[in-house]
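Chains A and B supply the protein sequences, listed in that same order.
So the first sequence is numbered by my numbering: it starts at 261 and just counts up by one.
So the second sequence is numbered by my numbering: it starts at 621 and just counts up by one.
We treat Cβ as the ideally placed atom computed from N, Cα and C, and that holds for glycine.
The block underneath contains the structure these notes are about, expressed in structure tokens.
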Amino acid sequence: MSWFRRPTPEYITINPPQQRERIGRHVWHKCEGCGTVLRRKEWENNWKVCPVCGEHDRITADERIRLLIDENSLEETNANLVSSDPLKFTDTKSYPDRIAAARQKTGRNDAVITGRATIGGVPVSLAIMDFAFMGGSMGSVVGEKIARAMELAIAEDRVCITLAATGGARMQEATFSLMQLPKTCLLCKRMQDTGTPFISILTDPSTAGIMASFASLGDIIIAEPGAYVGFAGKRVIEATIRQTLPPDFQTSEFVQEHGFIDLVVKRSDMRDALITLLRQIRHMEALPPEEDAAAPTPEQS
Amino acid sequence: MTVQTFDFEKPILDLEKKVADARAKAEDGPPEAKQRLKRLERELEKTRVNIYANLKAWDRVLFARHPDRPRALDYIEAITTEFVELHGDRLFGDDKAVVCGTARFGGNPIVVVGQQKGRDTKENVTRNFGMMHPEGYRKALRVMRLAEKFRMPVLIFLDTPGAYPGLGAEERGQAEAIARNIQEMFNVKVPIICVVIGEGASGGALGVGLADRLLMMENAWYCVISPEGCAAILWRDGEENRPRAAEALKLTAADLMELKMIDEIVPEPLGGAHRFPQEAFEAVSRAVEKNLKELGAMEQSELMEARYAKYRQMGEFDEL
Ligand SMILES: [Zn+2]
Numbered sequence: 261m262s263w264f265r266r267p268t269p270e271y272i273t274i275n276p277p278q279q280r281e282r283i284g285r286h287v288w289h290k291c292e293g294c295g296t297v298l299r300r301k302e303w304e305n306n307w308k309v310c311p312v313c314g315e316h317d318r319i320t321a322d323e324r325i326r327l328l329i330d331e332n333s334l335e336e337t338n339a340n341l342v343s344s345d346p347l348k349f350t351d352t353k354s355y356p357d358r359i360a361a362a363r364q365k366t367g368r369n370d371a372v373i374t375g376r377a378t379i380g381g382v383p384v385s386l387a388i389m390d391f392a393f394m395g396g397s398m399g400s401v402v403g404e405k406i407a408r409a410m411e412l413a414i415a416e417d418r419v420c421i422t423l424a425a426t427g428g429a430r431m432q433e434a435t436f437s438l439m440q441l442p443k444t445c446l447l448c449k450r451m452q453d454t455g456t457p458f459i460s461i462l463t464d465p466s467t468a469g470i471m472a473s474f475a476s477l478g479d480i481i482i483a484e485p486g487a488y489v490g491f492a493g494k495r496v497i498e499a500t501i502r503q504t505l506p507p508d509f510q511t512s513e514f515v516q517e518h519g520f521i522d523l524v525v526k527r528s529d530m531r532d533a534l535i536t537l538l539r540q541i542r543h544m545e546a547l548p549p550e551e552d553a554a555a556p557t558p559e560q561s
Numbered sequence: 621m622t623v624q625t626f627d628f629e630k631p632i633l634d635l636e637k638k639v640a641d642a643r644a645k646a647e648d649g650p651p652e653a654k655q656r657l658k659r660l661e662r663e664l665e666k667t668r669v670n671i672y673a674n675l676k677a678w679d680r681v682l683f684a685r686h687p688d689r690p691r692a693l694d695y696i697e698a699i700t701t702e703f704v705e706l707h708g709d710r711l712f713g714d715d716k717a718v719v720c721g722t723a724r725f726g727g728n729p730i731v732v733v734g735q736q737k738g739r740d741t742k743e744n745v746t747r748n749f750g751m752m753h754p755e756g757y758r759k760a761l762r763v764m765r766l767a768e769k770f771r772m773p774v775l776i777f778l779d780t781p782g783a784y785p786g787l788g789a790e791e792r793g794q795a796e797a798i799a800r801n802i803q804e805m806f807n808v809k810v811p812i813i814c815v816v817i818g819e820g821a822s823g824g825a826l827g828v829g830l831a832d833r834l835l836m837m838e839n840a841w842y843c844v845i846s847p848e849g850c851a852a853i854l855w856r857d858g859e860e861n862r863p864r865a866a867e868a869l870k871l872t873a874a875d876l877m878e879l880k881m882i883d884e885i886v887p888e889p890l891g892g893a894h895r896f897p898q899e900a901f902e903a904v905s906r907a908v909e910k911n912l913k914e915l916g917a918m919e920q921s922e923l924m925e926a927r928y929a930k931y932r933q934m935g936e937f938d939e940l
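This is the structure:
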């Protein structure tokens with residue numbers, strides 16, 4: 261059955277263990293959405309989505325790639341780009357120190373992974389942002405890699421897919437960071453001119469500068485349920501207008517309701533949704549999901 | 621009317637008082653009094669140059685926000701003629717935080733877009749302190765498309781503390797409006813000149829800020845975030861770290877010129893545009909005239925290729 265007609269499966273709530281105070285984090289996971297204590301293994305096997313309330317927890321860029329693309333189809337590009345600290349920026353820590361710490365933590369040079377891949381057999385050019393790397397902020401390296409991913413899509417007639425997971429600008433690069441907005445928008449215009457399809461996926465969080473540039477310019481914009489999607493920060497807005505915001509304010513569903521998102525798709529359905537769209541866009545025959553031999557599992561080595 | 625002044629200007633103000641005092645005494649006074657006046661005048665001039673030539677980044681931020689600083693409409697009135705304001709985005713409303721229209725510059729038709737702060741409290745409320753809503757960005761884009769259709773260059777004045785952070789702004793797609801504008805300004809096939817006259821805060825400025833020539837007034841600032849915002853996030857302690865954040869962000873015209881992020885600095889009279897607006901108007905007019913002439917001499921294809929190249933190369937990184 262297709263992802264867009266699939267009913268919500270019924271789940272059985274897992275009983276929490278007797279001694280709540282001694283929950284081992286490696287065995288149990290307490291859902292941030294509903295508080296249900298879940299077996300960590302089962303939760304992870306469900307791509308960190310709560311089976312009870314549907315809360316989508318953040319996952320890493322590597323997990324994203326495993327979730328979305330055909331097995332082992334990624335050919336990473338431009339992994340060698342690194343920040344050069346053009347402003348010699350230091351706050352409580354120097355920018356190079358922050359970069360080094362983020363590298364240590366993620367094993368990546370910066371906050372986006374780009375490359376060639378296939379999804380349901382359709383060639384794509386990917387740019388997957390990594391929130392774990394300095395909050396997925398966009399500095400020169402992120403902007404350049406996204407621009408190059410878009411250029412690759414144009415040059416090789418691939419569908420460009422970006423996945424946002426970001427709090428916005430890389431403050432330590434100040435105006436260099438800001439100028440990544442026009443750079444990526446320029447490539448969006450080029451994709452428009454050349455008829456290169458562009459799908460933008462929004463995940464939690466997708467805010468500020470990235471939303472004020474390429475992520476809002478997809479031909480098709482898809483978001484995960486409940487993701488924080490918007491331009492200005494919630495606290496800034498509350499301080500400005502001095503009123504309490506509606507509880508669903510700046511969620512994927514809210515933004516979709518106001519006309520700025522095409523689809524809100526559950527994580528477990530995202531790959532199927534992409535395959536459906538990609539094969540339609542590319543005038544390829546439909547691929548029945550049950551024949552999706554490359555369907556990924558979180559447990560993959 | 622008294623002009624608001626800042627702490628760093630105190631030595632100048634003290635001397636100005638002394639000079640005024642000495643001048644009164646020098647009139648019909650003994651030769652010593654005349655000499656004293658001359659000496660004080662020289663000292664005042666030296667102090668002015670010393671202080672205003674060595675303004676810290678934070679001092680310039682304060683200047684950029686000075687309530688008496690000329691606003692976009694002041695520049696439009698001073699340096700253009702026949703300004704015809706065009707209203708509305710044809711979708712939702714008419715955002716008063718931005719003024720758009722046709723006018724003449726040096727006799728030639730142009731399109732003007734200006735982020736407009738108020739000149740007093742009442743106007744500031746009407747103008748929403750220069751903070752635009754999505755309908756403002758969409759209005760500006762609509763009028764810039766007219767510029768292309770009518771083959772008129774676009775002159776933009778930037779002066780905003782940011783895009784408006786509000787409920788309606790988010791509902792109507794603030795981020796999308798800015799993104800769309802930036803993308804579509806690559807499609808506006810006439811020369812675009814942008815002058816940062818006060819505050820150039822982040823995406824809120826950039827949403828009408830793509831340009832073939834980006835000019836900045838000497839005491840304007842332009843950055844991805846305000847020094848306050850940066851200090852609050854990176855130092856977790858506002859007030860006292862604002863000057864430090866302003867310095868670190870390299871947000872002044874001189875900084876950005878050195879980093880090759882802007883094309884030209886428009887010099888301001890000593891003491892700032894708010895003290896001698898006429899001189900500021902003349903300086904902006906001269907700079908706009910020069911740049912319009914240069915851009916006007918370019919073929920359309922050449923202009924567009926230069927615009928793409930300018931923004932494609934933005935960024936600093938290494939390749940291992
Ligand atoms: Zn839950």
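Subject >> Cα-Cα separation, A/G381 to B/A783 >> reply: Within the first sequence, residue 381 of chain A is the residue found at index 121, counting from 1. Within the second sequence, residue 783 of chain B is the residue found at index 163, counting from 1. If I take the Cα positions, the gap works out to 42 Å.
**OP:** Would you mind stating whether A/G427 and A/G396 have Cβ atoms separated by less than 8 Å?
**Re:** By 1-based counting over the first sequence, the position of residue 427 of chain A is 167. By 1-based counting over the first sequence, the position of residue 396 of chain A is 136. Cβ atoms of A/G427 and A/G396: closer than 8 Å.
Subject >> Euclidean distance between Cα positions of B/L706 and B/E697 >> reply: Taking the second sequence and counting its residues from 1, the one referred to as residue 706 of chain B is at position 86. Taking the second sequence and counting its residues from 1, the one referred to as residue 697 of chain B is at position 77. For B/L706 and B/E697, the distance between alpha carbons rounds to 15 Å.
Original post:
Can you name the residues of chain B whose CB is closer than 7 Å to the CB of A/T374?
Top reply: Taking the first residue of the first sequence as position 1, residue 374 of chain A is located at position 114. Listed by position along chain B, the residues whose Cβ is nearer than 7 Å to that of A/T374 form an empty set, because the closest Cβ is around 14 Å away.
Subject >> Alpha-carbon to alpha-carbon, B/V732 and B/A717 >> reply: The residue you call residue 717 of chain B lines up with position 97 of the second sequence. The residue you call residue 732 of chain B lines up with position 112 of the second sequence. Using only the alpha carbons, I get a separation of about 14 Å.
Original post:
By DSSP, does B/A831 sit in helix, in strand, or in coil?
Top reply: As a working note, residue 831 of chain B is residue 211 in the second sequence. If DSSP states are grouped into helix, strand and coil, B/A831 belongs with coil.
Original post:
Straight-line CA distance for B/T746 to B/G824?
Top reply: Looking up residue 746 of chain B in the second sequence gives position 126. Looking up residue 824 of chain B in the second sequence gives position 204. Answer to the nearest angstrom: the Cα atoms are 18 Å apart.
Original post:
Roughly how many whole angstroms lie between the Cα atoms of B/N911 and B/V904?
Top reply: Within the second sequence, residue 911 of chain B is the residue found at index 291, counting from 1. Within the second sequence, residue 904 of chain B is the residue found at index 284, counting from 1. Answer to the nearest angstrom: the Cα atoms are 11 Å apart.
**OP:** Below 8 Å on the Cβ atoms is my guess for B/A926 versus B/D832; work out the distance and round it to an integer in Å.
**Re:** Numbered from its first residue, the second sequence carries residue 926 of chain B at position 306. Numbered from its first residue, the second sequence carries residue 832 of chain B at position 212. That belief holds up - the Cβ atoms of B/A926 and B/D832 are roughly 7 Å apart, short of 8 Å.
Original post:
Using a Cβ-Cβ distance under 8 Å, would A/N340 count as near chain B?
Top reply: In the first sequence, counting from the first residue as 1, residue 340 of chain A sits at position 80. Yes, its Cβ sits closer than 8 Å to a Cβ of chain B.
Original post:
According to DSSP, which residues form a beta bridge with A/T511?
Top reply: Position 251 of the first sequence, counted from the first residue, corresponds to residue 511 of chain A. Its beta-bridge partners are A/Y488.
**OP:** Could you give the DSSP three-state label for A/P277: helix, strand or coil?
**Re:** The residue you call residue 277 of chain A lines up with position 17 of the first sequence. Reliability fails at A/P277, whose pLDDT of 49 lies under 50, so the model's placement of it is uncertain and the value that follows must be treated cautiously. It is coil, neither helix nor strand.
Original post:
Can a CB atom of chain B be found closer than 8 Å to the CB of A/L446?
Top reply: Counting from 1 along the first sequence, the entry for residue 446 of chain A is found at position 186. Interface residue, yes.
Original post:
Could you give the distance in angstroms between the alpha-carbon of A/W263 and the alpha-carbon of A/D529?
Top reply: Position 3 of the first sequence holds residue 263 of chain A. Position 269 of the first sequence holds residue 529 of chain A. Answer to the nearest angstrom: the Cα atoms are 6 Å apart.
Subject >> Every unbroken alpha helix (DSSP H) within the region 630 to 679 of chain B, with a cutoff of 4 residues, ordered by chain >> reply: 630 to 646 and 651 to 673
Original post:
If you draw a straight line from the C-alpha of B/D648 to the C-alpha of B/L633, how long is it?
Top reply: Position 28 of the second sequence holds residue 648 of chain B. Position 13 of the second sequence holds residue 633 of chain B. Taking the straight line joining both Cα atoms gives about 25 Å.
Original post:
How should B/F770 be labelled, buried or exposed, when 16 other C-beta atoms within 10 angstroms of its C-beta is the threshold for buried?
Top reply: Locating residue 770 of chain B in the second sequence gives position 150, where the first residue counts as 1. Here B/F770 is exposed, its C-beta having fewer than 16 other C-beta atoms within 10 Å.
Original post:
If you compare alpha carbons, which of B/E665, B/I813, B/Y931 and B/A893 is closest to B/F725?
Top reply: For the purposes of this step, residue 725 of chain B is taken as residue 105 along the second sequence, with counting starting at 1. B/F725 has its Cα closest to that of B/I813, out of B/E665, B/I813, B/Y931 and B/A893.
Original post:
If you draw a straight line from the C-alpha of B/E661 to the C-alpha of B/R668, how long is it?
Top reply: Here residue 661 of chain B refers to the residue found at position 41 when the second sequence is read from its first residue. Here residue 668 of chain B refers to the residue found at position 48 when the second sequence is read from its first residue. C-alpha separation (whole angstroms): 11 Å.
**OP:** Write down the C-beta distance between B/K654 and B/A644 rounded to the nearest angstrom, noting that I regard them as a contact closer than 8 Å.
**Re:** Position 34 of the second sequence, counting from 1, holds the residue named residue 654 of chain B. Position 24 of the second sequence, counting from 1, holds the residue named residue 644 of chain B. Contact flag wrong, Cβ pair sits at about 12 Å.
Subject >> Cβ-heavy atom distance, A/E315 to ligand 1, below 7 Å >> reply: Here residue 315 of chain A refers to the residue found at position 55 when the first sequence is read from its first residue. True, at least one ligand heavy atom lies under 7 Å from that Cβ.
Original post:
For the region 433 to 445 of chain A, which residues have a CB atom closer than 7 Å to at least one CB atom of chain B, in sequence order?
Top reply: The region 433 to 445 of chain A vs chain B, Cβ under 7 Å: A434, T435, F436, S437, L438, M439, Q440, L441, P442, K443 and C445.
**OP:** Could you give the DSSP three-state label for B/Q735: helix, strand or coil?
**Re:** Within the second sequence, residue 735 of chain B is the residue found at index 115, counting from 1. In the structure shown, B/Q735 sits in a strand (DSSP, three-state: E or B).
Original post:
Any Cβ of chain A within less than 8 Å of the Cβ of B/Q624?
Top reply: Here the question's residue 624 of chain B lines up with position 4 in the second sequence. No, no contact with chain A.
**OP:** Verify whether the separation of the beta carbon atoms of B/Y842 and B/L787 is less than 8 Å.
**Re:** To locate residue 842 of chain B, count along the second sequence from 1; it is residue 222. To locate residue 787 of chain B, count along the second sequence from 1; it is residue 167. No; because the gap between Cβ atoms is not below 8 Å, this pair is not in contact.
Subject >> Completely contained alpha helix (DSSP H) runs for the region 822 to 876 of chain B, where each covers 4 or more residues >> reply: 822 to 826, 847 to 854 and 862 to 869
**OP:** Specify, as a first and last residue, the run of the alpha helix (DSSP H) that A/V496 falls within.
**Re:** Taking the first sequence and counting its residues from 1, one reaches residue 496 of chain A at position 236. It spans K494 to I501 - the alpha helix (DSSP H) in which A/V496 sits, taken as one unbroken run.
Original post:
Counting contacts by CB-CB distance shorter than 8 Å, is A/Q364 in contact with chain B?
Top reply: Residue mapping note: residue 364 of chain A aligns to position 104 of the first sequence, counting from 1. No, because no Cβ of chain B sits closer than 8 Å to the Cβ of A/Q364.
Original post:
Which runs of the beta strand (DSSP E) fall wholly inside the region 699 to 731 of chain B and span at least 3 residues, in chain order?
Top reply: 701 to 706 and 718 to 725
Original post:
Which runs of the beta strand (DSSP E) fall wholly inside the region 308 to 363 of chain A and span at least 3 residues, in chain order?
Top reply: 335 to 337 and 341 to 343
Original post:
What are the boundary residues of the alpha helix (DSSP H) that B/D938 is part of?
Top reply: Here residue 938 of chain B refers to the residue found at position 318 when the second sequence is read from its first residue. No alpha helix (DSSP H) holds B/D938; the beta strand (DSSP E) holding it covers F937 to E939.
**OP:** Quick one: grab the DSSP three-state call for A/W303.
**Re:** As a position in the first sequence, residue 303 of chain A is number 43, starting the count at 1. In this structure, A/W303 counts as helix in the three-state DSSP scheme.
Subject >> Presumed contact (8 Å Cβ cut-off) between B/Y931 and A/L446, rounded CB distance >> reply: Along the second sequence, one-based indexing puts residue 931 of chain B at 311. Along the first sequence, one-based indexing puts residue 446 of chain A at 186. With a Cβ gap of about 5 Å, B/Y931 and A/L446 count as contacting.
Original post:
Between B/I885 and B/A900, is the Cβ-Cβ spacing less than 8 Å?
Top reply: For this step, residue 885 of chain B is matched to residue 265 along the second sequence. For this step, residue 900 of chain B is matched to residue 280 along the second sequence. Not in contact: B/I885 and B/A900 (Cβ atoms no closer than 8 Å).
Original post:
Could you give the residue range of the alpha helix (DSSP H) that holds A/M389?
Top reply: Taking the first sequence and counting its residues from 1, one reaches residue 389 of chain A at position 129. Here A/M389 belongs to no alpha helix (DSSP H); instead the beta strand (DSSP E) covers V382 to M389.
Original post:
Should A/V312 be counted as a contact of ligand 1 given a C-beta to heavy atom distance under 7 Å?
Top reply: Position 52 of the first sequence, counted from the start, is the residue given in the question as residue 312 of chain A. At least one heavy atom of ligand 1 is nearer than 7 Å to the Cβ of A/V312, so yes.
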